[in-house]
Each structure stands twice: as structure tokens, then as C-alpha cells.
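The sequence shown begins at 98 in this note's numbering and counts up by one.
Every residue gets a Cβ at the ideal spot worked out from N, C-alpha and C, and that includes glycine.
Just so we're clear, the structure is a prediction, and the values are computed from it rather than from any experiment.
Just below is one structure, and these are the notes that go with it.
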Amino acid sequence: MAQSSSRTRLSSRARSSSRKKPGSAFLGFRRPSGPPGARNHLAVISAMDNTNPLVRRICSLRSDLTAVNTSFGRALMGEDEAQHFRVMGHLAGHPNVGAAIIVGLEPKTAGAIAEAAARVSPWMPLEIVTVHEVGGTLKITSRALELAQKLAAHLSAARREPCGLDELTLGAECGGSDTTSGLVSNPVTGMVADRVVASGGTVIFSETLEIVGAEHLLAARAEDARTKRRILAGVRRALAYAEELGVDLIGSNPTPDNMAGGLSSIEEKSLGAIKKAGNGPIVEVVGVGERPTKTGTVFADAPCGGVENITSLAASRAQAIVFSTGIGNPIGHPIAPTVKVTGNPRTAALMPENIDVDLRDVIESGLGFQEAADRLENELLEVLSGKLTASEVLGETEITVSRAALSL
């Protein structure tokens, strides 16, 4: 909690030192190249699972460090290895990261992540420390803290400046879905997504298995034949993989909590899930952690587990994520602030400390959808300008890099 309090004070000072100019949407950290950041993290990146304890130890000794750990990293081959390097590198080189220290067991893996980060953010100060080069726990902790002191001084000079929605990449996610997700929080998220796209920005939504039964609706929105083919091919591949494993998706997707919330089938869940993507043309399909090359609405062919998905969205450059939830899900991402929105009155009452935007009034008192979208958009802009999300305040953040084999 001390870490959260420190960040709250820093955020308040940053916001009071500058004000949005007419025509600007939010206050962000401009970079020498690429889009602005909604945060200015000094990130400590674990290159592999066996250095996670080191990263946690290092980050426990300073309140201004952001830990980014991983579940894998050793003995990866082929697409698994490429995906790991891409996602971790894109998190290290994220617009919301002002500088990064990469901690590894050996220099090859840490170096590959640093190279991936440098490709997307060549301006970023990057440091590497490895056990095999520096030494054991005490030596590497001491060295990382020396580097953190230098980098923190560098980051302290940054100031927020006015930025436009045309510079924003917004992630759209849903988790803990129920009937209110498709009726309230997903449609409202989609309305805000359309506003971002109309302003020249980019919105990324994903979860391939959660468009099953609704893929024809998304394919009809594809801007070109290639995008249409990739949408349909992603669904076919996911279903073929489930069939190959002999998996019945019921119980996996929709999940038991989805079914308890009133969703009876994957098709019913999908029809609600796609509402978070708005109504505009889909301009591109990207893979896990790949960055869009076009502005507009983008589909990411990625797994549907909540933490896996927000990690993919963040690695794809989302500076913030709107996370629509029905029955409730407390998780957020450590790099991309995650705005939780619900239209479920019970969830809003049961877990208010985890919800950023409470839209129960849509069901309980007839709040209009435009007003609900205004409420969500205003909160999103505040978060982009420095306000902490519920998951940031509580420290309820996590990452998981998907394996190349699909998560069902």
C-alpha cells in the first residue's frame, strides 16, 4: 500500500503541474518517437521464470519500480520462443515505460528481449543485469538498485503534455461475463471504442474463441478480403485444435461463472462479447503481442484467458485497457492501466473497490447509453492523464505470456 500511496502523490503532482489545453484529450508523456505514454514506469523485467524472485526482491526495495514477471522463458523453441521475446520485448518497450531494467539468468535471453524493446522504442534507456555476469542474489540486487537510482533521476524530469485521441491505442477486454455484459458494459465499451476510432485512434479487441458463432458478423465488417480471411481462419484453427484434443468447450468457454451468470453457450457469449468492439470496419488482424500497422478497429487473434489477453493487448501497444465485467473480475495489468466497468448492480455493490465505472444505473434507473458512454469516456481520460485505476491502487495486477499452443 505504501507503493500505491507514493504513486498517488506523484500522479497528483503531475496532474496539478499541467492542464489539458482546448482540443486535447488527455495529458501524457511524450516520447522522442512513437505514441505518448499514459504512465512513466521504471519497469524491472524478468527475462524468465527463475528470475521472478529477484525482480520481486528488487522492486520491494524501491516504491517507484514496476515488476513485470513471466511464467516461462527457459527451453522455449520456435514460435514459443519468438512469441515470448516479442511480448516481453514489447512490454519493456511500451509507451507507458520510460526506462527498463531487464533481469535474466544469462545474457542471451535478456539480450533478445532488450533487442525487441529497442526495435519499437529506440529512444528508451535499457539496462541488462544477469546472474551469470553479475553474480548471486545480493550482487545482482545491489547492481539493479544502482541502475534504478540513475534511471529514476532521468525519469523525474518528464512532464505530462496535452495529447489527442488520435495518439491512443485502446485495448477492449471482457471477463467474468454474464447477461449484463452483453446488455450494458460491452455495448458501452463499444460506444467509447467508436469514439476513439472516430477521433483517429486505434482500438484492439481479441479473444478468438469468444467470437465463435459471431465470426460472420465480424467478417462482414472486415475492410478487405485478407482481414476477413484471417478472422475466419482464426476461429477455424481454434475449433480444430479443440476437436483434436477431444475438448468440449462447455465448462471451459463459457466458464462455470459465465453459466451461473446466465450465459448458456459460447455463441450467446460471443454475441455479447463482440459488442465491445463497436460498429466500425475492422482494418487489420494481428497475432499475440503484435503491434497494429493501421489505425482503426483491430482484431487480435489471441487466447481468451483474462490475464493472457490483457498481456497481449498491452504488448500490442494499448496505453490503456477498458475491461468490461459482469459477474466480476479484479485483475488489471501492471503496464497498461485497466479500467473496470460493470453494469451488474450486484457486482457493483459487492466489489466496489475493484470497479472504476459503475453503470448499474442503466438497469436500475434507466440511465441512457450515451450518458453511460460519457461516464466511461471521462473516467478513461482521467486515467490516461494519471488517475490510478482500482487495480493499480490495490496492486491487483498480473501478466501471463501465452504459449504458442492455444489456451482453451
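Judged by beta-carbon spacing, L139 lies within the 8 Å limit of L162, meaning their Cβ atoms are closer than that value. Here L235 is exposed: its Cβ has fewer than 16 other Cβ atoms, across all protein chains shown, within 10 Å. By the neighbour-count criterion, in which a residue is buried when 16 or more other Cβ atoms sit within 10 angstroms of its Cβ, E312 is buried. F123 and E479 have their C-alpha atoms spaced approximately 7 Å apart.
Within the DSSP bridge table, the entry for T227 names G201 as partners.
The three-state secondary structure of G134, taken from DSSP, is strand.
For A290, the three-state secondary structure derived from DSSP is helix. By the CB criterion at 8 Å, I301 and T324 fall outside the cutoff. The criterion of a C-beta distance shorter than 8 Å is satisfied by V289 and V419. Assignment of K372 by DSSP, reduced to helix, strand and coil, places it in the helix class. The beta-bridge partner set that DSSP reports for E258 consists of G125. The secondary-structure analysis by DSSP pairs V436 across a beta bridge with V419. E405 places its beta carbon 8 Å or farther from that of S367. Between the region 189-196 and the region 151-158 there are fewer than three inter-stretch CB-CB distances shorter than 8 Å, so the stretches are not counted as touching.
The beta carbon of E381 sits closer than 7 Å to the beta carbons of T324, P389, T390, K391, V395 from its chain, once the five residues preceding and following it are set aside; these are given in chain order. Per the DSSP secondary-structure output, A397 pairs in a beta bridge with V383. Classified as exposed, E461 has fewer than 16 neighbouring CB atoms from the shown chains inside 10 Å of its CB.
Within the DSSP bridge table, the entry for C156 names no partner.
I199 places its beta carbon less than 8 Å from that of A144. Taking the CA atoms as reference points, D471 sits about 23 Å from N426. Restricted to the region 438-503, the alpha helix (DSSP H) segments that are unbroken, complete and at least 4 residues in length are 442-447, 458-461, 466-481, 487-491, listed in chain order. For A164, the uninterrupted beta strand (DSSP E) run begins and ends at 162-165, by DSSP.
In terms of Cα proximity to H229, the closest of E212, V217, R216, G201 is G201. Excluding residues up to 5 positions away in sequence, V300, G375, G377, T392, G393, T394 lie with their Cβ nearer than 8 Å to the Cβ of V294 in the same chain. With a contact defined as Cβ atoms closer than 8 Å, V309 and V332 qualify at about 6 Å.
Between T494 and E450, the alpha-carbon positions lie close to 14 Å from each other. Taking the Cα positions, Q467 is about 14 Å away from L280.
Within the same chain, Cβ atoms closer than 6 Å to the Cβ of R127 are found at P133, E258, the five residues on either side in sequence being excluded. Bounds of the beta strand (DSSP E) holding G272 are 266-272.
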